[in-house]
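Contents: one structure, followed by commentary.
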Amino acid sequence: MEIMGRGFTQIIQEMPCYFHIFGKFAGYKLLNRKSPLYGSADIINVCNLHCTHCYWWLNRKENEELTVEQWQKVIDEKFKKNHVFIITLVGGEPTLRPDVIDLFVKQFPKRVCIVSNGTLPIRKIPNLYFYWISIDGTKEIHDKIRGPGSYDKTRKHVLEYVQNNGDKAWKDIWITMTINSQNYKTVKDVMEEWHDHTNKIGFQFHTPFAKGDPLFLPFGPERTRVVDDIMAMRKKFDDDYIINPDSQLELMKKNWGGRGTTPIDCPTWAIVSVDHMGREKRPCCIGSAENSAMKPICEECGLGCYSVLVGYGMKG
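Terminal number for the sequence shown in my numbering: 319, no gaps in between.
Here you go:
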């Protein structure tokens, strides 16, 4: 039996971490004490793609990067001090900094996820929790968003990883799909296409940074139908392949996050998010440490990492 990819032995080994997490949940429920549960780090300010839907390009300014020693300081001061449980490594393309990845995995064994576009060979990393591989539709749509040839590269590298790293290698690969106005009709196809090669799939919706963003899938009948289809597919896949709970998916049919660019119900406090220089990002993990930078529109937010917490009863 596994819970979110974690076996019984691993859960027992992590019991000290769970005491901290349970204590934080209890502190929130009983005393409204808000203490971070998770962490997110943009470990590099470079990417090998220029995806049309990616927030990262909007606020990218410096080309500087931290050394491994500097990242150790960030780990100690931002993540370990707060006893965060899971760390998600983002970029840019985080696999371009294998030295920083190895540092995080050493500090947080079995508790680090890597969000990657998968266009580079996928490295087997002992004690990594899993890879989030971004898939944005079937081949034609994915390439329209991420660039010609990107889908074939990603598929090739996922299949090679699964074939070359043992019988359970597929458990290391999770799919993440950001649903937008270009790819929403391919959601079922993506699930069917990747189910036999990967462990889990998770969905979120494109979050705009400006009103009228053509990639935003408006609240209404089409978006509701997409959500209902995902919930129906959860019942079809009886192996918990789709990680989104129904409580979270129902939220995604409407505004759940905030007003304008201000979080209201969104528990942004629950995730410590830092940029490539180790500075905390505001108002959330797709925001920026710069006060003058563009901000996501909270009232049209589709982020899964926060909405799932709201679905479980945690608020801002």
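Idealized CB from N, CA, C, for every residue including glycine.
Is it true that the CB of Phe222 sits closer than 9 angstroms to the CB of Ile182? For the purposes of this step, residue 182 is taken as the residue at position 179 of the sequence shown. For the purposes of this step, residue 222 is taken as the residue at position 219 of the sequence shown. No; because the gap between Cβ atoms is not below 9 angstroms, this pair is not in contact.
Write down the C-beta distance between Thr179 and Gly205 rounded to the nearest angstrom, noting that I regard them as a contact closer than 8 angstroms. Against the sequence shown, residue 179 aligns to sequence position 176. Against the sequence shown, residue 205 aligns to sequence position 202. Between Gly205 and Thr179 the Cβ distance is about 5 angstroms, and since that is below 8 angstroms, they are a contact.
Closer than 8 angstroms is the cut-off here; do at least three beta carbon pairs connect the region 250-263 with the region 304-315? Between the region 250-263 and the region 304-315, the count of Cβ pairs shorter than 8 angstroms is three or higher; the stretches touch.
Residues of its chain near Gly319, where Cβ-Cβ distance is below 8 angstroms and the 5 sequence neighbours each way are ignored: Residue 319 sits at position 316 when you count from the first residue of the sequence shown. Closer than 8 angstroms at Cβ, skipping near neighbours: Gly261, Pro266, Ile267, Asp268, Cys269, Pro270, Thr271, Trp272.
Lys185, enclosing beta strand (DSSP E) - first and last residue: For the purposes of this step, residue 185 is identified with residue 182 of the sequence shown, where counting begins at 1. Checking the sequence, you will find Gln at residue 185 rather than Lys. Looking at the DSSP string, Gln185 is not in any beta strand (DSSP E), and its letter there is neither H nor E.
Taking only runs that begin and end inside the region 64-105, name each unbroken beta strand (DSSP E) of 3 or more residues, in chain order. Runs of the beta strand (DSSP E) lying entirely within the region 64-105, each at least 3 residues long, are 89-93 in chain order.
Excluding five sequence neighbours on each side, which residues of the same chain lie with their C-beta closer than 8 angstroms to the C-beta of Ser119? What you label residue 119 is simply residue 116 of the sequence shown in a count that begins at 1. For Ser119, where only same-chain residues beyond five positions count, the Cβ hits under 8 angstroms are Glu96, Pro97, Thr98, Ile125, Tyr134, Trp135, Ile136, Ser137.
To the nearest angstrom, how far is it from the Cα of Ala296 to the Cα of Asn167? As a first step, residue 296 is located in the sequence shown; it is residue number 293 there, counting from the start. As a first step, residue 167 is located in the sequence shown; it is residue number 164 there, counting from the start. Note on geometry: alpha-carbon atoms of Ala296 and Asn167 lie some 43 angstroms from one another.
Is the beta carbon of Ile47 closer than 9 angstroms to that of Glu68? Along the sequence shown, one-based indexing puts residue 68 at 65. Along the sequence shown, one-based indexing puts residue 47 at 44. Contact flag set, yes.
I need the straight-line Cα distance from Met4 to Asp242, nearest angstrom please. Position 1 of the sequence shown, counted from the first residue, corresponds to residue 4. Position 239 of the sequence shown, counted from the first residue, corresponds to residue 242. For Met4, the predicted model reports a pLDDT of 48, less than 50, meaning its position is unreliable; a value from the coordinates is still stated below. A direct Cα-Cα distance of roughly 11 angstroms separates Met4 from Asp242.
Helix, strand or coil, according to DSSP, for Gly319 in the structure here? Residue mapping note: residue 319 aligns to position 316 of the sequence shown, counting from 1. DSSP places Gly319 in coil when its eight states are reduced to three.
What number of angstroms, rounded off, separates the C-alpha of Ile300 from the C-alpha of Lys188? Position 297 of the sequence shown holds residue 300. Position 185 of the sequence shown holds residue 188. In a straight line, the C-alpha of Ile300 is about 24 angstroms away from that of Lys188.
Collapsed DSSP secondary structure at Met180 in the structure displayed: To locate residue 180, count along the sequence shown from 1; it is residue 177. If DSSP states are grouped into helix, strand and coil, Met180 belongs with the strands.
What does DSSP give as the partner residues of Asp45 in its beta bridges? Within the sequence shown, the letter at position 42 stands for residue 45. The partner list for Asp45 (beta bridge, DSSP) reads Val93.
Helix or strand or just coil, what does DSSP make of Met4? Start at 1 with the first residue of the sequence shown, and residue 4 comes out as number 1. With a pLDDT of only 48 at Met4, under the threshold of 50, the placement of this residue in the model should not be trusted; the figure read from the coordinates follows. Residue state for Met4 is assigned as coil, using DSSP reduced to three classes.
Look at the alpha carbon of Met234 and the alpha carbon of Arg285, and state the distance between them as a whole number of angstroms. Walking along the sequence shown from the start, residue 234 turns up at place 231. Walking along the sequence shown from the start, residue 285 turns up at place 282. Cα to Cα, Met234 sits roughly 31 angstroms from Arg285.
Determine the closest residue to Thr210 out of Thr141, Arg114, Ser38, Gly290, with distance taken between C-alpha atoms. As a working note, residue 210 is residue 207 in the sequence shown. Of the listed residues, the one whose Cα sits closest to Thr210 is Gly290.
Limits of the unbroken alpha helix (DSSP H) element including Cys116: By 1-based counting over the sequence shown, the position of residue 116 is 113. Careful: Cys116 lies outside any alpha helix (DSSP H), inside the beta strand (DSSP E) at 115-119.
Could you have a look at Lys203 and say whether DSSP puts it in helix, strand or coil? The count along the sequence shown starts at 1 and reaches residue 203 at position 200. Residue state, collapsed to three classes: strand.
Measure the C-alpha to C-alpha separation of Phe22 and Leu34 and round it to an integer number of angstroms. As a first step, residue 22 must be located in the sequence shown, where it is residue number 19. As a first step, residue 34 must be located in the sequence shown, where it is residue number 31. Going from the Cα of Phe22 to the Cα of Leu34 covers about 17 angstroms.
So is Ala44 buried or exposed if we call it buried at 16+ other beta carbons inside 10 Å? By 1-based counting over the sequence shown, the position of residue 44 is 41. With 16 or more other Cβ atoms from the protein chains shown falling within 10 Å of its own Cβ, Ala44 counts as buried.
Do Leu40 and Ile274 come within 9 angstroms of each other at the CB atom, strictly closer than that value? Reading the sequence shown from its first residue, position 271 is the one you call residue 274. Reading the sequence shown from its first residue, position 37 is the one you call residue 40. The answer is yes: Cβ separation under 9 angstroms.
With a 10 Å radius around its C-beta and 16 neighbouring C-beta atoms as the bar for buried, classify Gly152 as buried or exposed. As a working mapping, residue 152 is identified with position 149 in the sequence shown. Per the 10 Å Cβ criterion, exposed.
For Lys109 and Asn130, I'd like the C-alpha separation in whole angstroms. Translated into the one-based positions of the sequence shown, residue 109 becomes position 106. Translated into the one-based positions of the sequence shown, residue 130 becomes position 127. Answer to the nearest angstrom: the Cα atoms are 8 angstroms apart.
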